[in-house]
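Residue numbers (the numbering used here): 2 to 414.
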């Protein structure tokens, strides 16, 4: 087992001060001032250690270390942006661990007589969380060709600010096309409690759950909360409430196969204390390791809408805005990581990722490895998020070994 790394922990404390909240978490949504401050700090950290920092057209931040001119790069990273009142570890740990791992791997190569087959680069993906700008995993989606850059740049936040304007405000938008990627590695907190429950050090991600995300608009008619008789009301919030219950019941009815369902965002108009709501906009999130079950749940939800419309005298529109299927990570990468963990004496298991990560996009264009470290009590997207110092140190040790092996071309052997 690794001992806590004092240098890593000191850097993590510094990083955690950007956008710090009174409850011990962070609030640094994409392209806010706090995000700009932490990006500037990472920029300095990397350049102080010989990395060249570049930004692409949608704000992805790359730190490149070229050991072998002309060779492609092993890319490693995660994201620094957070949810509102989010935790310190989600994403940020992965970026910092990647920076330390890349620097350590370079030092190992310099101390040896060998020359790596590949260079190394650290990435801080833009807007992974999708809280200020939707969809989530935006920066890696553009990088992997799944989302047009122009679509991302013209996306607005709730105040009407575009991604492009926000990135220019913090000065982290450029014209770098991005590195030629030989392989990708990412480490993240589990955001669940399976590793902690089993007393394991590391999770080796071998596949993703599937996800379906929907924007739903419930339309009624604005009226007086006092004088409008009940029979005449077209209450959009009542209709939305019935839909919230229907979404929850989908999960409760799925007893054999896991199904996670949420209504995770809601905007009520006009949101006045004496007005029956005319419109509610809401975000519905469905996830499962079984795509057939997920499709059946989505169909059942759609079938419940006409009854809700009739009961609440409203109309409901639903559009799928984002999603991905059950997909495997390369088995060779899982095996490489398992061998590296064994070499370091770290206990491990293979597991699926329930949450989406930038690696879910990257695995489709490059051999990718996704690693988890334990989360205390599985708490995440919450100021109380916590991973033990020994675990973040052990994870960084493992990522260093993985990156070093990837630089040698281990996945191509």
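Positions of the beta carbon are idealized from the N, C-alpha and C atoms, including for glycine.
- When 388, 117, 153 and 108 are compared, the shortest CA-CA separation from residue 127 is found for 153.
- Rounded to whole angstroms, residue 95 and residue 338 show a C-alpha spacing of 16 Å.
- Between residue 280 and residue 374, the beta carbon gap of about 43 Å keeps them out of contact (Cβ cut-off 8 Å).
- Sixteen is the threshold: since fewer than 16 other Cβ atoms of the shown chains lie within 10 Å of the Cβ of residue 246, the residue is exposed.
- Distance from the CA of residue 62 to the CA of residue 54, rounded to the nearest whole angstrom, comes to 7 Å.
- Under DSSP, residue 269 takes part in a beta bridge, and its partners are 281.
- Per the Cβ contact rule, the segment 149 to 164 is not in contact with the segment 107 to 126 (fewer than 3 Cβ pairs under 8 Å).
- Around the beta carbon of residue 40, 16 or more other beta carbons lie within 10 angstroms, which makes this residue buried.
- The beta carbons of residue 213 and residue 148 sit no closer together than 8 Å.
- Counting only runs of 4+ residues, the alpha helix (DSSP H) found wholly inside the segment 113 to 199 occupies 139 to 144, 150 to 154, 164 to 171 and 195 to 199, in chain order.
- Separation of the CB atoms of residue 369 and residue 331 is rounded to 7 Å, and the pair is thereby assigned contact status at 8 Å.
- A Cβ-Cβ separation of about 19 Å leaves residue 143 out of contact with residue 64 under the 8 Å criterion.
- About 6 Å separates the beta carbons of residue 80 and residue 125, which is inside the 8 Å limit, making them a contact pair.
- Residue 409 and residue 319 have their alpha carbons spaced roughly 48 Å apart.
- The residues 75, 77, 102, 103, 106, 121 and 186, in chain order, have a CB closer than 7 Å to that of residue 404 in the same chain once the five nearest residues on each side in sequence are set aside.
- For residue 389, the secondary structure class from DSSP, reduced to helix, strand or coil, is coil.
- If only uninterrupted beta strand (DSSP E) runs of at least 3 residues are considered, those enclosed by the segment 277 to 332 are 280 to 289 and 316 to 325.
- Between residue 49 and residue 177, the beta carbon gap of about 20 Å keeps them out of contact (Cβ cut-off 8 Å).
- When the Cα atoms are used, residue 392 and residue 193 turn out to be separated by approximately 15 Å.
- Between the beta-carbon of residue 251 and that of residue 313 there is about 19 Å, and that puts the pair past the 8 Å contact cut.
- Inter-segment contact for the segment 381 to 397 and the segment 66 to 74 is absent: fewer than three beta-carbon pairs are separated by less than 8 Å.
- Between residue 221 and residue 200 the beta-carbon gap is near 52 Å, outside 8 Å, which marks them as no contact.
- Per DSSP, the continuous alpha helix (DSSP H) segment holding residue 41 begins and ends at 34 to 49.
- Approximately 6 Å separates the beta-carbon atoms of residue 190 and residue 91; this is inside 8 Å, confirming the contact.
- If you draw a 10 Å sphere on the C-beta of residue 164, you find 16 or more other C-beta atoms in it, and that means buried.
- Each residue's CA atom was taken as its position, placing residue 87 and residue 43 some 20 Å apart.
- Residue 168 and residue 100 do not touch by the CB rule: their CB atoms are close to 21 Å apart, not below 8 Å.
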